Amino acid sequence: MISVEFLGPIQKPVLKMEASSLQDVADVLRQDDEMAQWIDSCAVAVNDTLVASLNTVLKDGDKVSLLPPVCGG
Amino acid sequence: MLELHDGALNVPEILTRWYTCESTSNYGAYIPFVGTVRDEDGIEGLSFDVYEPILNSWFDAWVAKAEPLGAILKMAHSRGDVLVHESSYIAAVFSPKRRVALETIEQFVEDFKASAPIWKYDLRDGERLYARERSTAIEGAGLLGRAQ
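In structure tokens form, the structure reads like this:
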């Protein structure tokens, strides 16, 4: 089981799911109507490190974070 | 040094404390940038969410990048609400000579705007509204939406 957390303005509770790679997470979130406005603009981190490939392997207990567009300062 | 504060920053206190801290460190240049909330478009202020784990690693990478130049970085940012004419952000570079500090502060602040995991909201009529049109997607964003 992994957890998916939605940061900043995405008003969505933590999602727990079975996933062996980021591709599995993408497959689920692409079917989620709430995520339609966010999915193309979010960066993705696994265990607080930004990642660049859907082939990223996930293991039990991993945390996937979705980071929508930022604006500090 | 990275500091997060609840609400507006006490700018004189922070700038003075940083100055005092490095006053005998033999830096010839101290260049701070202070970001203040402007009165525009009828907002009452801004509000900020901060994701600390990735902010910390982003900042640590910048500290490592500045170190070979002989420079050090300091940064303070607000969490929560900051009203018009209050300040939410201070970045500063100390370096032996001015050129490194001038160049580093510009690169650091620009990368901060594009990459630091902080989300900004307008405070308007008692509501907290995500400033999406002023926000920037982090490099590499959109991964989950890409066909594999």
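Here the protein sequences line up with chains A and B, keeping their order. For the first sequence, the working numbering assigns the number 878 to the initial residue and increments by one for each residue that follows. For the second sequence, the working numbering assigns the number -18 to the initial residue and increments by one for each residue that follows. The beta-carbon is built from N, C-alpha and C at its ideal position, and this holds for glycine as well. Just so you know, these numbers come straight off a predicted model, no measurement behind them.
Buried or exposed for P49(B), going by 16 or more other Cβ atoms inside 10 Å?
The residue labelled residue 49(B) in the question sits at position 68 within the second sequence. So P49(B) counts as exposed.
Counted within 10 angstroms of its Cβ, other Cβ atoms place S116(B) as buried (16 or more) or exposed:
Indexing the second sequence from 1 puts residue 116(B) at position 135. Burial call: buried.
In three-state DSSP terms, what is I86(B)?
Stepping through the second sequence from its first residue, residue 86(B) is reached at position 105. Note: I86(B) maps to helix in three-state DSSP.
Can you tell me the Cα-Cα spacing of A72(B) and V881(A), whole angstroms?
Taking the second sequence and counting its residues from 1, the one referred to as residue 72(B) is at position 91. Taking the first sequence and counting its residues from 1, the one referred to as residue 881(A) is at position 4. Answer to the nearest angstrom: the Cα atoms are 32 Å apart.
If you draw a straight line from the alpha carbon of R60(B) to that of I(-5)(B), how long is it in whole angstroms?
The residue given as residue 60(B) occupies position 79 in the second sequence. The residue given as residue -5(B) occupies position 14 in the second sequence. Going by the C-alpha atoms only, they are around 16 Å apart.
What residues of chain B sit near D917(A), judged by a beta carbon separation below 9 Å?
Residue numbering aside, residue 917(A) sits at position 40 when the first sequence is read from its first letter. Result: A118, A122, G123, L125, G126, R127.
Would you say G950(A) faces chain B, with C-beta separation under 8 Å as the test?
Indexing the first sequence from 1 puts residue 950(A) at position 73. Yes, G950(A) lies at the interface with chain B (some Cβ there is under 8 Å from its Cβ).
Answer with yes or no whether the minimum CB distance from K46(B) to chain A is below 8 Å.
The residue given as residue 46(B) occupies position 65 in the second sequence. By this cut-off, K46(B) is not an interface position.
Short-range partners of chain A found in the segment 59 to 71 of chain B, where Cβ spacing is below 8 Å:
S69, Y70
Assign W915(A) to one of three DSSP states: helix, strand, or coil.
Along the first sequence, read from residue 1 onward, the residue named residue 915(A) stands at position 38. Note: W915(A) maps to coil in three-state DSSP.
Between G950(A), L935(A), G949(A), C948(A), which has its C-alpha nearest V902(A)'s C-alpha?
One-based indexing of the first sequence puts residue 902(A) at position 25. Ranking the options by Cα distance to V902(A), first place goes to L935(A).
Under 8 Å (Cβ pairs) to chain B, residues found in the segment 885 to 898 of chain A
G885, P886
Does DSSP classify V74(B) as helix, strand or coil?
As a first step, residue 74(B) is located in the second sequence; it is residue number 93 there, counting from the start. Strand at V74(B).
Could you give the first and the last residue of the continuous alpha helix (DSSP H) run that contains E(-16)(B)?
By 1-based counting over the second sequence, the position of residue -16(B) is 3. First-last for E(-16)(B): -17 to -13, but that is the beta strand (DSSP E), not the alpha helix (DSSP H).
Got a sec: which bits of the segment -12 to 15 of chain B sit with their beta carbon under 8 Å from any beta carbon on chain A, in order along the chain?
none
Please state whether DSSP places D103(B) in a helix, a strand or coil.
On the second sequence, position 122 is the one that residue 103(B) refers to. Correct three-state label for D103(B): strand.
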